[in-house]
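Be aware that the sequence shown starts at -2, since it is given in our numbering, and climbs by one per residue. We put the beta carbon where it would ideally sit given N, CA and C, even for glycine.
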Amino acid sequence: MPMSAKDRQRLVSSWLLLQRTPEAGSVREDLAWVVEKVWDLCDDAPNEAFEFILAVLDQDASSMTMAVLCAGPLEALLRKHGPRIISRVERRARRDVNFTRLLGHVWKDTLSSQIWTRVQVVRERQARYAVTET
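This is the structure:
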């Protein structure tokens, strides 16, 4: 069952708060559910996980948020559901410069060679386009 817009917004807001909360403390403990929910989405609901990633990026496209978002949910999503989600990733990158910047933080690590190649192609295409625009 897809998440409602309200539930997604609550998850996004909570995830962003968690990223800004010091390691120790009751607020961080209260937000422990966020990590589990995001990993569950990445494991079992790739389309919902992708929508979560986009919603986070829409609210905060800072370098810090991009680094954490990419090293966690995006890489997990590409690793587990790459063949299923890569076309959406490519389409989004063609029209969203922030999403392309987010892909710039992706590391090969345990991504399949096929998915890694497609991520690199998107990044390189957008980098060439950005150079011709200036």
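Integer Cβ distance of residue i from residue j, believed to fall under 8 Å
i: D40; j: K77; result: 6 Å
i: L13; j: V53; result: 7 Å
i: Q16; j: T62; result: 7 Å
Option nearest residue i by Cα separation, candidates the options
i: L75; options: R89, L54 and I112; result: I112
i: D37; options: Q16, S84 and M0; result: M0
i: V9; options: K34, S23 and A73; result: K34
i: E72; options: D55, N44, L108 and S84; result: L108
i: S110; options: I83, V94 and D57; result: I83
i: V94; options: R81, G69, D55 and A64; result: D55
i: R85; options: I50, V24 and S23; result: I50
i: P69; options: F47, E87 and R81; result: The sequence shown places Gly at residue 69, not Pro. Answer by Cα proximity: F47.
i: R92; options: Q117, V65 and R122; result: R122
7 Å Cβ shell around residue i - same chain, five flanking residues per side excluded
i: G101; result: R120
i: S11; result: L28 and V31
i: C67; result: L99, H102 and V103
i: G79; result: L108, S109 and I112
i: V24; result: T18
Outcome for residue i when other beta-carbon atoms lying within 10 angstroms are tallied against a minimum of 16
i: T114; result: exposed
i: P19; result: exposed
i: V128; result: At V128, the pLDDT of 48 sits below 50, so the modelled position is not reliable; the number obtained from the coordinates is stated separately. Classification of V128: exposed, given that the 10 Å Cβ count is below 16.
i: E26; result: exposed
i: A21; result: exposed
i: V207; result: Outside the shown range of the chain (-2 to 131) lies residue 207, about which nothing can therefore be said.
Sequence-distant residues of the same chain with beta carbon closer than 6 Å to residue i, five excluded per side
i: R89; result: F96
i: A58; result: N95
What alpha helix (DSSP H) runs, 4 residues minimum, are completely inside the stretch 87 to 122?
94 to 100
Completely contained alpha helix (DSSP H) runs for the stretch 36 to 82, where each covers 4 or more residues
43 to 56 and 60 to 66
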